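Right, one structure below, let's go through it.
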């Protein structure tokens, strides 16, 4: 079997923590901040963890070596 390559798009978007969770940056902060409330902008800061089902798929198909 040939080696499995990591998807380069996933490499840039996701990171696997030490405990095996998948972390990602939240969407919705690229442009159009004027129309968003301050609360929305504040809550979109930082990173969050993916849900288990999604994380399973990301680890299996996109980050096989992660």
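Residue numbers (UniProt numbering): 1 to 66. Think of the CB as a built atom: it goes at the ideal place given N, C-alpha and C, for glycine as much as any other residue. Just so it is clear, the structure is predicted and the values come from calculations on it, not from any experiment.
Annotated as proximal: residue 24 and residue 50, with beta-carbon spacing under 8 angstroms. Taking every protein chain shown into account, the CB of residue 59 has 16 or more other CB atoms within 10 angstroms, so this residue is buried. Under DSSP, the beta-bridge partners assigned to residue 24 are 14, 48. The beta carbons of residue 62 and residue 10 sit closer together than 8 angstroms.
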